[in-house]
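Colleague: Position 185, counted from 1, in the sequence shown is what my numbering calls 189; the numbers after and before it change by one each time, with no gaps.
Glycine is no exception: its CB is placed at the ideal position from the N, C-alpha and C atoms.
Source: prediction; values computed, not measured.
Next up is a structure, given as structure tokens.
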Amino acid sequence: MAEEYNSPQSPYWALKFFLPLALPQGHPFWQAEEEDLPALDAVRPQPHPGVLVCRDDARGHVFILSGRQTATWPNHGPEKYAKFAYSTAFGFSVPVGHGDLSKGAFDSVLALADDPEHFRPRERSRDCRVGGDALFSRWRPWPDVEVETWLLPALPWHVRVHRVRTGRHLWSAEGGWALDRTGDDGQDRAGTGHGVAVDVGGALSLFPAGASGIRDLLGARTGEVVRAAPNTNLLHPRTVIPTLRGELAPGEHLLACAVLGLPGTGAGEVRAVWESPPRVSLEKGALGLTHGGKAIRLALGASP
């Protein structure tokens with residue numbers, strides 16, 4: 005995490021927290037009555053930074069869906085700023101090399117490659133729009149490849165929709181949350197259900213830290229659980245990343261997936277939530293999303 009602006013003086017940033025202690029006893033700061041934190045919205049659009057702040061209070065999980073943030077000058081700038089989502093529980097990952105998905109540690113991104121080994125995630129957005137139900141961005145990993153991405157909250161899930169226009173053959177890998185895999189000895193002697201499960205259209209991981217899963221909603225890709233290389237994640241030394249894999253011929257393609265993150269959740273609840281993902285339906289020029297009694301119609305020809 006070290007950057008060129010770090011120095012021995014950097015801890016002073018944190019010490020600013022103690023500046024109010026210098027205020028005199030009679031200052032209004034000390035006279036104000038304590039109040040409870042106001043109720044916060046489950047989804048809060050923030051158009052200026054280009055994010056949707058999502059709060060799953062029932063499970064203690066806060067995350068953002070992001071579209072506008074870009075910084076190419078720091079180390080691992082795309083990983084620190086340009087992923088689709090960032091979480092208080094799952095952190096984020098940075099690559100340690102090339103050649104396979106474990107070294108790339110592609111959590112919360114759609115990574116594309118024009119050969120099977122060298123994948124590119126989103127590095128910067130050329131356009132971003134934030135609405136109440138969705139966040140839109142447009143990005144170009146190559147001059148002849150354009151991706152339009154819509155991110156939609158559906159707590160405790162979020163949904164990603166991508167329209168890919170490509171002039172070349174591509175391999176794709178889309179990752180969910182990176183989950184701490186402490187306790188991953190492959191045995192599950194206590195019968196907790198910990199481990200990984202993969203099927204044709206999804207991948208789910210369950211360990212003591214919680215659950216992470218990703219489901220393909222249009223049946224175009226296969227599930228895989230990537231055991232990321234050690235020390236790729238900001239919070240945890242060893243993680244797994246549920247991932248969808250596919251290939252794209254030159255032309256136009258529509259991809260959609262639902263991503264699940266449940267911190268510290270037992271196997272029983274995980275299975276119930278996993279079996280009730282958001283549903284999508286394709287209409288002429290639009291995609292319909294239903295979840296939890298709410299229906300959204302997403303016009304694919306326009307940003308939010």
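What does the Cβ neighbour count give for residue 154, buried or exposed, with the cut at 16 atoms within 10 Å?
Modeller: Buried, since its Cβ has 16 or more Cβ neighbours within 10 Å.
Colleague: Hey, quick one: how far does the alpha helix (DSSP H) through residue 25 stretch, first residue to last?
Modeller: Counting along the chain, residue 25 falls outside any alpha helix (DSSP H), and DSSP gives it neither H nor E.
Colleague: Taking only the alpha-carbon atoms, compute the straight-line gap between residue 195 and residue 74 and give it to the nearest angstrom.
Modeller: Note that residue 195 scores a pLDDT of 47, beneath 50, so its modelled location is shaky; the value from the coordinates is reported in the next line. Those two C-alpha atoms are separated by around 44 angstroms.
Colleague: Report the residue ranges of all beta strand (DSSP E) runs contained in full by the stretch 240–289; include only those spanning at least 3 residues, in chain order.
Modeller: For the stretch 240–289, whole beta strand (DSSP E) runs of length 3 or above, ordered along the chain, are 243–252, 255–267 and 283–287.
Colleague: Pick from 287, 275 and 233: whose alpha carbon is nearest that of residue 207?
Modeller: That would be 275, whose Cα lies nearest to the Cα of residue 207.
Colleague: CA-CA distance, residue 305 and residue 291?
Modeller: Near 10 angstroms, if we compare the C-alpha coordinates of residue 291 and residue 305.
Colleague: Taking residue 298 as part of the beta strand (DSSP E), name the residues at either end of that continuous run.
Modeller: Residues 298–303.
Colleague: Take residue 264 as the anchor and find which of 249, 146, 160 and 126 has the nearest alpha-carbon.
Modeller: Of the candidates 249, 146, 160 and 126, the one whose C-alpha sits nearest the C-alpha of residue 264 is 160.
Colleague: For residue 173, which residues of its own chain have a beta-carbon under 8 angstroms away from its beta-carbon, when the five flanking residues on both sides are left out?
Modeller: Correct list, in chain order: 118, 251, 252, 253 and 254.
Colleague: Out of 139, 120, 294 and 46, which one is the CA nearest neighbour of residue 221?
Modeller: The option with the nearest alpha carbon to residue 221 is 294.
Colleague: Residue 49 by DSSP, collapsed to three states: which one?
Modeller: Residue 49: strand per DSSP, three-state reduction.
Colleague: Use the C-beta contact count for residue 244: other C-beta atoms within 10 angstroms, 16 or more gives buried, fewer gives exposed.
Modeller: Buried: at least 16 other Cβ atoms inside 10 Å.
Colleague: Check the C-beta distance from residue 214 over to residue 282 and give it rounded, since I have them as a contact under 8 angstroms.
Modeller: Not really, about 19 angstroms apart at Cβ, beyond 8 angstroms.
Colleague: Sorted by chain position, which residues of the same chain lie with C-beta nearer than 7 angstroms to residue 136's C-beta, five sequence neighbours on each side aside?
Modeller: Result list for residue 136: 49, in chain order.
Colleague: Pairing CB atoms from the stretch 94–113 with CB atoms from the stretch 23–34, are three or more of them under 8 angstroms?
Modeller: Flag = no, the stretch 94–113 and the stretch 23–34 do not touch.
Colleague: Using 8 angstroms as the threshold, is the C-beta distance between residue 1 and residue 184 below it?
Modeller: Summary: the structure shown does not reach residue 1, with the chain confined to residues 5 through 308, and so no result is reported for it.
Colleague: Who are residue 229's beta bridge partners in DSSP?
Modeller: Paired residue(s): 246.
Colleague: For the alpha helix (DSSP H) holding residue 85, just list the boundary residues, first then last.
Modeller: Where residue 85 is concerned, the enclosing alpha helix (DSSP H) stretches over 81–85.
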